[in-house]
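For reference, the structure discussed in these notes is given below.
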Amino acid sequence: MSDSDSSGQSPDPSQTTHQGSAETPLSSQASPLGFSPANHHSNPGPVILPNPWRDWVIDGLIKYRVWWLLLACLLTAISIWPAGQLKFDESIESMYAPGNPHLRDYLESKKWFGGDEFIFIAYHDPELFEEAGENRLSQLADEVSAVPGVIPTSVQCLATYLRMTRHPAFRSRREELLDFSRGVLLGSDNQTTCIAIRLQESERAVDSDGQPISRGQTIAKLRALAEKQSFPTFVIGEPILVHDMFRYAQEDGEFMGWAASALLIGVVLFFLRDLRSVILPFVIVQMTILWTKAGLWASHLELTMVSSVLGSLLTIIGVSTVVYMSLYYHELRQSLDRETAFRRMLQVIGIDIVFVCLTTAAGFAAQLSSHLHPVQSFGITMVLGSLLVLVAMTLVLPGGMLLGPDRAGAQKPRGDQQVSQWLARLTQFVLVHRVWMGIVTLAAVIYGMAGLMQLQVETDFTKNFRSSSPVVKSLDFLETRLGGAGLWEVNFPAPHRLTDEHLDKVRLLAENLRGLIGTAEGQGLTKVVAMTDGLDLVPLLPFLIPDAQAQSRWLNSLQPEFVPSLYNAEQGRMRIMLRGLERQSAREKQALIDRVETLAREQFPEAKVTGLFVLLNYLIDSLLQDQRTDLMVGAFGLIAIMSIAYRSIVMGFVSLVPNVLPIMLLLGTMGWLGLRVNIGTAMISSDTMGLTIHDSIFYMSAYLRARRSGLNFQGALGEVQTEVRKPLIYSNVALILGFLVLTTSHFVPLITFGVLVSTAIAGGLLVNLLLLPPLLQLVDRPWLGLAPDSARTAGPEETAGPEQTAGPEQTAGPEQTAGPEQNPVEPTSSV
Numbered sequence: 000m001s002d003s004d005s006s007g008q009s010p011d012p013s014q015t016t017h018q019g020s021a022e023t024p025l026s027s028q029a030s031p032l033g034f035s036p037a038n039h040h041s042n043p044g045p046v047i048l049p050n051p052w053r054d055w056v057i058d059g060l061i062k063y064r065v066w067w068l069l070l071a072c073l074l075t076a077i078s079i080w081p082a083g084q085l086k087f088d089e090s091i092e093s094m095y096a097p098g099n100p101h102l103r104d105y106l107e108s109k110k111w112f113g114g115d116e117f118i119f120i121a122y123h124d125p126e127l128f129e130e131a132g133e134n135r136l137s138q139l140a141d142e143v144s145a146v147p148g149v150i151p152t153s154v155q156c157l158a159t160y161l162r163m164t165r166h167p168a169f170r171s172r173r174e175e176l177l178d179f180s181r182g183v184l185l186g187s188d189n190q191t192t193c194i195a196i197r198l199q200e201s202e203r204a205v206d207s208d209g210q211p212i213s214r215g216q217t218i219a220k221l222r223a224l225a226e227k228q229s230f231p232t233f234v235i236g237e238p239i240l241v242h243d244m245f246r247y248a249q250e251d252g253e254f255m256g257w258a259a260s261a262l263l264i265g266v267v268l269f270f271l272r273d274l275r276s277v278i279l280p281f282v283i284v285q286m287t288i289l290w291t292k293a294g295l296w297a298s299h300l301e302l303t304m305v306s307s308v309l310g311s312l313l314t315i316i317g318v319s320t321v322v323y324m325s326l327y328y329h330e331l332r333q334s335l336d337r338e339t340a341f342r343r344m345l346q347v348i349g350i351d352i353v354f355v356c357l358t359t360a361a362g363f364a365a366q367l368s369s370h371l372h373p374v375q376s377f378g379i380t381m382v383l384g385s386l387l388v389l390v391a392m393t394l395v396l397p398g399g400m401l402l403g404p405d406r407a408g409a410q411k412p413r414g415d416q417q418v419s420q421w422l423a424r425l426t427q428f429v430l431v432h433r434v435w436m437g438i439v440t441l442a443a444v445i446y447g448m449a450g451l452m453q454l455q456v457e458t459d460f461t462k463n464f465r466s467s468s469p470v471v472k473s474l475d476f477l478e479t480r481l482g483g484a485g486l487w488e489v490n491f492p493a494p495h496r497l498t499d500e501h502l503d504k505v506r507l508l509a510e511n512l513r514g515l516i517g518t519a520e521g522q523g524l525t526k527v528v529a530m531t532d533g534l535d536l537v538p539l540l541p542f543l544i545p546d547a548q549a550q551s552r553w554l555n556s557l558q559p560e561f562v563p564s565l566y567n568a569e570q571g572r573m574r575i576m577l578r579g580l581e582r583q584s585a586r587e588k589q590a591l592i593d594r595v596e597t598l599a600r601e602q603f604p605e606a607k608v609t610g611l612f613v614l615l616n617y618l619i620d621s622l623l624q625d626q627r628t629d630l631m632v633g634a635f636g637l638i639a640i641m642s643i644a645y646r647s648i649v650m651g652f653v654s655l656v657p658n659v660l661p662i663m664l665l666l667g668t669m670g671w672l673g674l675r676v677n678i679g680t681a682m683i684s685s686d687t688m689g690l691t692i693h694d695s696i697f698y699m700s701a702y703l704r705a706r707r708s709g710l711n712f713q714g715a716l717g718e719v720q721t722e723v724r725k726p727l728i729y730s731n732v733a734l735i736l737g738f739l740v741l742t743t744s745h746f747v748p749l750i751t752f753g754v755l756v757s758t759a760i761a762g763g764l765l766v767n768l769l770l771l772p773p774l775l776q777l778v779d780r781p782w783l784g785l786a787p788d789s790a791r792t793a794g795p796e797e798t799a800g801p802e803q804t805a806g807p808e809q810t811a812g813p814e815q816t817a818g819p820e821q822n823p824v825e826p827t828s829s830v
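For the sequence shown, numbering that gives the first Met the number 0 begins at 0 and goes up steadily by one.
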């Protein structure tokens, strides 16, 4: 679009060409860069090649705009019910892909022993060993056992063992019983205690009326009991870590969707001062969200932890894209009526918008290469959502922009003149110092690649929560006073009837494992509990307790959950439970897991190490590999799409350079500063490239249109500034502010994702403005097919294919005959 378009004056008919029904104002003014008009010929504006298919589609969108709008409303009405049926999968299984070997081992253990979803209710009581303290503990244990979703027989507390010491058979073994419970139910200070409970499987949990009860409801009731106690009482366990992670992700996702909408509405109102430009993006986004959720439900998919931000991300993507189109449309409305302006907008940037949505989808599709099921699910969800944004815009925008009262003479965006001047000076600087720009870019690539190799994974799972959150405070209490919240196991084959030989091997393995406690090899291991520990507390008595089977029955009568949780005679499987510190590095955890597995297989070659502690460690440990894989897959996909769009592999690489560089710099800086990768960071590489490459699409398409119109290189850059770069800045401001909404989350990976993506988008915009001019100058060569004399150069929508060859029906009529000012003359390029 030329400068005359924004002058507010109607174009002279003598300076107007017609393509179909679209008007094209011409300009002969100098470039905003300050280059002399002598450097380029009179600019007829962006040249639109004849394309009957494109014009037929645009005519259909405009002619039947009411019907398209009604169809969008009908699809939305149909989607309301299925969208409401979409479930949020909060299980640990949803974190892994089906068939994952670590998940398979965990599910097998869950089937054999009932799982290890233990929760600890801990507090400090100076009167713990006095009658009042024991009574308080017993009362709390009784209340906890009555909570729906808790297995009543699984409740273990110190009061049970204190009562056992008063039994004639155990009076002489009081210290042994206390040592047995120490590190699990009793702290080393003899004043800290906890109640250990095991949760029912979520699908089987019911309340007293037989109604299903969710895991969240059970945890909420336990926390309510803790708040009523006279001492500060903490509720913690790995099931709570997982539950709170999902809860924060779900609650924050809903809040951030509306917060992003409100913030972006403010941004649009500030820049455009047009109510229609506020309503349209909001309607399109809400329709897209409903359609996406309905599509997921119809595909029998569920929302996972990461895909909970669906609403906020689609809001950001949809609003920024519609804002760009609105800005372009408002510029055209300075001199054209609204139907002509709308038609012209679609002719010029319509196919650009299509490729914007495709590249966004391609960026998210790279997440399908992840080892993490939530990230894969996020990729599927966002690919569907990104494509449905395009569908929603197609159905809603024709009616939304063209129906209703007409607002003539749309206002220019705020700050328009200042932005133009700043862009002119920036481009002048870049072209004058292009050699130094190349040197700085090369140095930045080396710096980023070196830092990328130093990235480390954030392995403390609690770092996924704010330090002020209840779950972190509770975990701190348990980690410092009661041996940690990490529960895991080593399970192995066992005879269907216990034998002394097998029990001796179990004792030996348990002793070997205890030998790790306090050593460098066993860092983080705090407790080992084997079935033999309980059996050895029950004395052998002739006729009364003659063998291990009798000991097992006695032990089961005193503590009903102990034996079944460690030994399954029917399945022939036994396990030793381990307890460890949750707050340690993945490298330390993995070394400990490997050492335990080695010791276990010395006694039982078929032994397996599993548990939530192990699952969460492997979950985190795969993040770094995913980060690098997603970067490569995303880059390859975007190069392919851009090469197809411009029918040039050169342009594919040119478009990628300014979009990969910000990601490399960002991740490289994280590596150099020692900032760790979490699940939020693992998603930013391909996602951010899919978002920032929009700038390159609009920029390069406008540049190629300007070059084909007869402008030389410098004149084309001036045209790009007028047509594209100002809308790019405004729409990127909307994107950046939208992603910053994620920083309000309670879930740290979402905070990280929001901050890093906002930073990367800002960096992507800056790098596009700095690097694209010299890169285009470098490749603007006739032998590369990009200079205007080839007549092949076009934006994605304008590359003349076979269908664009002028047939008889396309012969220029009188109104289409090129006047002298419209003959494409070879420009004197500065290249």
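Yeah, the Cβ is synthetic: ideal placement off N, Cα and C, and Gly gets one too. Nothing here was measured: the structure is a model prediction, and the numbers come from that model.
Rank the options by C-alpha distance to the C-alpha of residue i and give the top, closest one.
{"i": "H123", "options": "E569, D115 and R480", "result": "R480"}
{"i": "S213", "options": "L224, E200 and A223", "result": "E200"}
{"i": "Q583", "options": "E116, T525, A599 and T628", "result": "T525"}
{"i": "G252", "options": "G737, Q776, V766 and L764", "result": "G737"}
{"i": "V528", "options": "R513, Q249, E569 and G399", "result": "R513"}
{"i": "L402", "options": "R64, W55 and Q776", "result": "R64"}
Between residue i and residue j, what straight-line distance do the alpha-carbon atoms span, to the nearest angstrom?
{"i": "F833", "j": "L741", "result": "The structure shown has nothing for residue 833, since the chain only spans 0 to 830."}
{"i": "G384", "j": "T287", "result": "7 angstroms"}
{"i": "E330", "j": "A340", "result": "9 angstroms"}
{"i": "D629", "j": "I315", "result": "22 angstroms"}
{"i": "I640", "j": "G83", "result": "35 angstroms"}
{"i": "N42", "j": "L768", "result": "Because the pLDDT at N42 is just 42, under 50, the model does not fix this residue reliably, and the point stays unresolved."}
{"i": "V595", "j": "V489", "result": "8 angstroms"}
{"i": "G651", "j": "L274", "result": "38 angstroms"}
{"i": "L185", "j": "I194", "result": "9 angstroms"}
{"i": "P661", "j": "A759", "result": "6 angstroms"}
{"i": "V355", "j": "V632", "result": "18 angstroms"}
{"i": "V196", "j": "L557", "result": "The sequence given here has Ile at residue 196, not Val. Going from the Cα of I196 to the Cα of L557 covers about 16 angstroms."}
{"i": "V471", "j": "L580", "result": "13 angstroms"}
{"i": "A131", "j": "S137", "result": "10 angstroms"}
{"i": "E142", "j": "Q366", "result": "45 angstroms"}
{"i": "F169", "j": "R496", "result": "26 angstroms"}
{"i": "T192", "j": "C72", "result": "59 angstroms"}
{"i": "A219", "j": "W67", "result": "47 angstroms"}
{"i": "P373", "j": "Q285", "result": "23 angstroms"}
{"i": "P538", "j": "M669", "result": "59 angstroms"}
{"i": "E569", "j": "A493", "result": "10 angstroms"}
Using only the heavy atoms of the ligand COA, determine whether one of them is closer than 8 angstroms to the beta carbon of residue i.
{"i": "K588", "result": "You won't find the ligand COA in this model; it holds no ligand whatsoever."}
Residue i lies in the beta strand (DSSP E); which residues open and close that run?
{"i": "V537", "result": "First-last for V537: undefined, no H or E at that position."}
{"i": "A340", "result": "Looking at the DSSP string, A340 is not in any beta strand (DSSP E); the run it does join, the alpha helix (DSSP H), is R337 to A364."}
{"i": "A204", "result": "Segment: none, A204 is in no beta strand (DSSP E) and carries neither H nor E."}
{"i": "A761", "result": "No beta strand (DSSP E) holds A761; the alpha helix (DSSP H) holding it covers V747 to V778."}
{"i": "C193", "result": "T191 to R197"}
Below 8 angstroms on the Cβ atoms is my contact criterion, and I expect residue i with residue j to pass it. Report the Cβ-Cβ distance as a whole number of Å.
{"i": "K86", "j": "E301", "result": "5 angstroms"}
{"i": "Y617", "j": "H101", "result": "5 angstroms"}
{"i": "R586", "j": "G483", "result": "No, R586 and G483 are not in contact; Cβ-Cβ is about 17 angstroms, not under 8 angstroms."}
{"i": "F697", "j": "I348", "result": "7 angstroms"}
{"i": "I118", "j": "I239", "result": "6 angstroms"}
Which residues mark the beginning and the end of the alpha helix (DSSP H) in which residue i is found?
{"i": "T380", "result": "H372 to L401"}
{"i": "R594", "result": "A585 to Q602"}
{"i": "V322", "result": "L309 to L331"}
With a cut-off of 9 angstroms, does the C-beta of residue i fall near any C-beta of chain C?
{"i": "V470", "result": "Annotation note: the requested chain C is absent from the structure, which comprises a single protein chain."}
For a minimum of 3 consecutive residues, which ranges assigned as the beta strand (DSSP E) are wholly contained in the region 222 to 283? 232 to 235
Complete runs of the alpha helix (DSSP H) confined to the region 90 to 123 [at least 4 residues]: 100 to 112
Threshold first: 3 residues or longer. Then list the beta strand (DSSP E) segments lying entirely within the region 492 to 523, N to C. none
Runs of alpha helix (DSSP H) lying entirely within the region 543 to 577, each at least 4 residues, in chain order: 547 to 557
Could you tell me which uninterrupted alpha helix (DSSP H) segments, each at least 4 residues in length, are contained entirely in the region 424 to 486, listed from first to last along the chain? 433 to 451 and 469 to 480
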